[in-house]
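Input: a single structure, listed below in structure tokens.
There are 2 protein chains.
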Amino acid sequence: MIYPVIICGGSGSRLWPTSREKHPKPFLLLPDGQCLLQKTLLRVLGLKGVKEVLTVTNQELFFTTEDIYQEVKKPKDCELNYILEPFGRNTAAAIASAALYLQRRHGPEATLLVLPADHLIQDEQAFAEATRQACLLAQKDLLVTFGIKPTHAETGFGYIEADTHRSIDHGMLVKRFVEKPDLATAQSYAAAGNFYWNSGMFCFQAGAFINEMRLHAPEILDAVEATLAASSAHENEHRLRLDAANFEKVPDISIDYALMERSEHVATVPCAIGWSDIGSWSAMCDLVGADQDGNRLTGETVSHSAFNNFVQSPDRLTALVGVQDLIVVDTPDALLIAHREHAQDIKHIVGQLKQSGHEAYLTHRTVHRPWGTYTTLEEGERFKIKRIVVKPGASLSLQMHHHRSEHWIVVSGVALIINGNAELTLNSNESTFIAAGHKHRLANPGVIDLVLIEVQSGDYLGEDDIRRFDDRYGRA
Amino acid sequence: MIYPVIICGGSGSRLWPTSREKHPKPFLLLPDGQCLLQKTLLRVLGLKGVKEVLTVTNQELFFTTEDIYQEVKKPKDCELNYILEPFGRNTAAAIASAALYLQRRHGPEATLLVLPADHLIQDEQAFAEATRQACLLAQKDLLVTFGIKPTHAETGFGYIEADTHRSIDHGMLVKRFVEKPDLATAQSYAAAGNFYWNSGMFCFQAGAFINEMRLHAPEILDAVEATLAASSAHENEHRLRLDAANFEKVPDISIDYALMERSEHVATVPCAIGWSDIGSWSAMCDLVGADQDGNRLTGETVSHSAFNNFVQSPDRLTALVGVQDLIVVDTPDALLIAHREHAQDIKHIVGQLKQSGHEAYLTHRTVHRPWGTYTTLEEGERFKIKRIVVKPGASLSLQMHHHRSEHWIVVSGVALIINGNAELTLNSNESTFIAAGHKHRLANPGVIDLVLIEVQSGDYLGEDDIRRFDDRYGRA
């Protein structure tokens, strides 16, 4: 029995403008239409003996995560549980929470398989085999890493040096971890044969991990234990919200620094599993087939004398003339044009945006909510137009705005609307008006998405002009 | 007395995506917020003794042209007249129409100053002086061209060779016209001292021009005369719609080929007037000041290691990383990324779009109508959202749609609405519904723009589902 733990978090800086701080890398759609998180869940569901998957994520990302999971077909007897963090506290905190949680449920011999939600693994069969080896090593109370066999002298990853003098079955003991090397060092590592990329995936028994944490990082373990003791499951044990006041006291440190580099009981399973951390747009480029000019294009594109470019432009026509080696990523509110060799510098743009308070680092024009999404189509003086999509069975809060009235027109599906004391049902091509100061609620009683156009009108149209009276997602 | 003739037409290929076939170069906004057409009108109104300006343009461009002219403050006693072509027939036809029209109104000695509407002239004073010289030459029955003193060895223009052996006052006689040269020839022309760029601006008396046309291009003159005889002024003499059946028979040829290269009576006024035909995005780049990195940016832009780029992105954030010498032009439905050295190749993109029937070569997302504009904000299955702007006092046609109903929400201004037999007035934040099959009309009775959001709903939402019963712009 193995318990996959999916760590779903991370920032949005390296794959901006598609990723944003509130829409980080795990949610990015790959050219095949699946996002990395979805692929991660599919990957663990493909392993034998998985009856429970634990996801550690930010509480703001929970509803989006759940939406993505709901699209995945899974066995009926497989539980999906969550630990919800109030804010990010790095991997040591996240993994320790998971280990303590699973030990409580299943005892110290529960074997955890820890996987970041934003990596790509293209050889599922080799991954399953590596996991099998890792489990065997974990049964010997070892903390097992997955050492990726280098395909080139990469300077962007840390490396694991395997100890060639002490042989064990199913893998190798780890001699040391080394940080991101310079190019010459990376070349020597790639040539050496016993250096592997540190993939950030782990396998261990809960008890063995906790024992090692108690030895090498007791202050983290104590703080996480205190957090768990103070935390309550939201509806039940399956959705544990971490207590913010306690969690804030947990040191912000990676599991590598906190434990792996210090423990004497670390092993690695060398493997070649088609792994990529999709660390930049360069990696994304490689996933799209090139045309005869070397261009890798998704979306509507025309070109003339343009070679070796990558274009991701799902909504608009893009024309390339006489350009080479560009990365072009188009989103409704922001456009990136970068030279391929500068793919790593995109984080500087995000830094600039953050510093200047520009919200393009934070959110997309489409914003996810527990009940669905809204997309701002246009803003003008005294008006704002949104497309609102409400999931089947979902409901917005019972709310009121002081400064704006709202015109609602249903274009698809059916809406159940409370407006003051009245309740009405609108079908597509029907409309209603919510005056400022009126208590109202919008719900989708149907079985398909409700799509509604909202035209707001008023002196002030900020999202903060909202008073919530009742909310099924705990936001009132 | 001088009669300026503004030739307002041209295609949209060299400055795509800002220019489109139905929104050509004269309408392009320059960085100072004025369009080339507006600048051309201002230029001629700045000349002494101008009481009438004749504009030759396509009838589809008439309302937009008039809108732009209405923004220009002009003397009360100055008439603005129009010849409206049903389709483009090149410059010989356009100029011959103007000459015949003005001769009919003012006699053969009326002096015409023919100016393309899509050129930039930055030294207005030098232009006024050159015009004064040209008028003096025109009084001697000469056809006068404006010869721009070359500032560099340009291969993109035709040249005028002045005859240095026959001297005249106020200018020079022309020895010959030469076509666009190769670089070596252009260099010799630029060095020679008696070669000038052919600017496409002319000055002559109506009678002298018509006499020369009768001698060298009688088939064009006859066909244009027949067209004028068959044409009727729309409301009055000031707005002459050319008869399509006759105009179709006029040869499609430039005035240079048809007349200037053949006539023995052509002179030139050499001048340095800061002239540019804004022939490509390169010329547009030069109008925007560079920052310390050599970037010329309009709109919201962030950059990192990016140098000597031009960005025109009025509506969205654009980020540049590690790129150089790019031209980036962003519009709501199409994006251009070109290398500066390939600015001339942009026409190939337009050619490709035209060939594939993509409407991005033809129109913008905002479409001009006699009564104002509409902008498609979003299209989905069974719905379409438009922002409609109706000018003060304007009115859409009385119309009906078979397949779609329309929800209208006024966000600014006041709307007068006929819906079936009912008439109602809507103020901002009020709405109404027009059912499919209902005769309706929308008008703006106010003195500020009416801005209205329209949500269309139906099985078929094409622009051609319209039946017009009455239209004040003659479209019923």
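Protein chains in written order, with our numbering: chain A, 890 to 1365; chain B, 890 to 1365.
A virtual CB, placed ideally from N, CA and C, is assigned to each residue, including glycine.
Distance from the Cα of B:Ser1286 is smallest, within the candidate group B:Arg1357, B:Val1158, B:Ala1179 and B:Ala1161, for B:Arg1357.
If the five residues before and after A:His1257 are omitted, its C-beta is found closer than 6 Å to the C-beta atoms of Thr953, all from its own chain and listed in chain order. Sorting A:Leu1313, A:Phe1199 and A:Ser1245 by C-alpha distance to the C-alpha of A:Gly1188 places A:Phe1199 at the top.
The C-beta distance from B:Val1158 to B:Ala1019 rounds to 5 Å, short enough to meet the 8 Å contact threshold.
For A:Thr1044, there are no C-beta contacts with chain B under 7 Å, since the nearest C-beta of that chain is about 18 Å from it.
By the beta-carbon neighbour count (other beta carbons within 10 angstroms, threshold 16), A:Ala1232 is buried.
One finds His1296 and Val1344 in chain A with Cβ atoms closer than 7 Å to the Cβ of B:Ile1298, taken in chain order.
At a Cβ-Cβ threshold of 9 Å, A:Ala988 and A:Leu1001 count as neighbours.
Residues of chain A with a Cβ closer than 7 Å to the Cβ of B:Asn1318 are, in chain order, Ser1294 and Ser1346. Spatial neighbours of B:Thr1207 in its own chain (CB-CB distance under 6 Å, excluding positions within 5 residues in sequence) are listed in chain order as Thr1190 and Val1200. The C-beta of A:Arg903 comes no closer than 9 Å to any C-beta of chain B. At a cut-off of 9 Å between C-beta atoms, A:Ala1073 does not count as an interface residue with respect to chain B.
For B:Asp1219, the nearest CB of chain A lies under 9 Å from its own CB, placing it at the interface with that chain. Every unbroken stretch of the beta strand (DSSP E) spanning 3 or more residues and falling wholly within the region 1217 to 1267 of chain B is given here in chain order: 1223 to 1228 and 1255 to 1258.
When DSSP states are grouped into helix, strand and coil, B:Gly1096 belongs to the helix group.
Excluding five sequence positions before and after B:Ile895, the CB atoms of its chain that fall closer than 6 Å to its own CB belong to Thr929, Thr944, Leu1004 and Ala1006, given in chain order. Between A:Gly1302 and chain B, the shortest Cβ-Cβ separation is not below 9 Å. Classified as exposed, A:Gln1181 has fewer than 16 neighbouring CB atoms from the shown chains inside 10 Å of its CB. Residue burial is scored here from C-beta neighbours: A:Pro1203 has fewer than 16 other C-beta atoms within 10 angstroms and is therefore classed as exposed. One thing to note: A:Thr1053 has its Cβ within 9 Å of the Cβ of A:Asn1083.
The DSSP-derived three-state label of B:Asp1354 is coil. For the set A:Leu1009, A:Leu1350 and A:Thr1262, the Cα lying nearest the Cα of A:Asp1338 is the one of A:Thr1262. 9 Å or more divides the Cβ of A:Leu1313 from the Cβ of A:Val1303. In summary, B:Lys940 is exposed, with fewer than 16 beta-carbon neighbours lying within 10 Å of its beta-carbon over all protein chains present.
At a beta-carbon threshold of 7 Å, none of the residues of chain A lie near B:Thr1187; the nearest stands roughly 14 Å away. Around the beta-carbon of A:Asp1071, fewer than 16 other beta-carbon atoms lie within 10 Å, marking it exposed. For B:Gln1201, the enclosing beta strand (DSSP E) has its first and last residue at Phe1199 to Val1210.
In this structure, DSSP gives B:Phe1136 a helical state, which the three-state scheme calls helix.
Here A:Pro964 is not near A:Leu918, since their CB atoms are 9 Å or more apart. For A:Tyr892, the beta-bridge partners assigned by DSSP are A:Leu1001. Distances from the CA of B:Ala1112 to each of B:Cys1174, B:His1329 and B:Asp1141 were compared; the closest alpha carbon is that of B:Asp1141.
Legend: CB atoms of the region 1255 to 1288 of chain B lying less than 8 Å from CB atoms of chain A belong to residues Leu1266, Glu1267, Gly1269, Glu1270, Arg1271, Phe1272, Ile1274 and Arg1276. Excluding sequence positions up to five before and after B:Val1239, its CB lies within less than 6 Å of the CB of Ser902, Trp905 and Tyr1250, all in the same chain and listed in chain order. In this structure, A:Gly1096 lies away from A:Thr980, with their beta-carbon atoms at least 9 Å apart.
Around the beta carbon of A:Ser1320, 16 or more other beta carbons sit within 10 angstroms, so the residue counts as buried. Against chain B, a Cβ distance below 7 Å from A:Gln1241 picks out Val1191.
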